[in-house]
């Protein structure tokens, strides 16, 4: 998120500097170098969704009249029926989409290739230490034989190289510092 968005109103967390530097080296490379960021479509969708969710929180915090919600359903309804109609929402959505377009030439979008996996293998004994989306992303990375770059502390898998600056992940044998 920090890498993709120049729209945050704060300095990035210093823990993200290695990722920002790594990203800048890729984006700074010439097209003839052939360096690409491989991105499953689900990751792009998650990035856009997370970016908009952060924008929604900022929007709520900046309202002159504070809005409170009875529960998650009411918050979701406000998001869909009210926030999506605001210039703030449109600005956040356009901003993250523009950010992705800015370095599109450095991206290769990957198919999730779910048809290549046995559904029973994916759903059988899903790991309890990580989110299911992370489990699926690890399977996709394994299929393409490419490493994952993450700062997610619970993203530990045995069969996929992980590039990280996360101290917790670095303490694991399979992690490689970026």
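In UniProt numbering, the protein residues as written are 1 to 178. Glycine residues also receive a C-beta, built at the ideal position from the N, C-alpha and C atoms.
Residue state for residue 63 is assigned as coil, using DSSP reduced to three classes.
A direct Cα-Cα distance of roughly 32 Å separates residue 97 from residue 119. As for any beta strand (DSSP E) of minimum length 3 sitting wholly inside the region 94-164, the runs are 107-110 and 162-164, ordered along the chain. DSSP places residue 172 outside both helix and strand once states are collapsed to three, so it counts as coil. In terms of Cβ geometry, residue 154 and residue 129 form a close pair [threshold 8 Å]. Membership of residue 18 in the alpha helix (DSSP H) is indicated by the continuous run 17-28.
Under the criterion of beta carbons closer than 8 Å, residue 149 and residue 163 qualify as touching, at roughly 5 Å. With respect to residue 40, residue 137 sits close: the two C-beta atoms are nearer than 8 Å.
One Cα belongs to residue 28, the other to residue 109, and the distance between them is close to 19 Å. Apart from sequence neighbours up to five positions away, the residues of its chain that approach residue 168 with a beta-carbon distance below 6 Å are 153, ordered along the chain. Short of 7 Å from the beta carbon of residue 157, and not among the five residues preceding or following it, lie these beta carbons of its own chain, in chain order: 138. Of the residues assessed, residue 92 falls on the buried side of the cut-off, its CB having 16 or more other CB atoms within 10 angstroms. Under the DSSP assignment, residue 76 falls in the alpha helix (DSSP H) whose first and last residues are 72-81. The C-beta of residue 72 has fewer than 16 other C-beta atoms within 10 Å across all chains shown, which makes the residue exposed.
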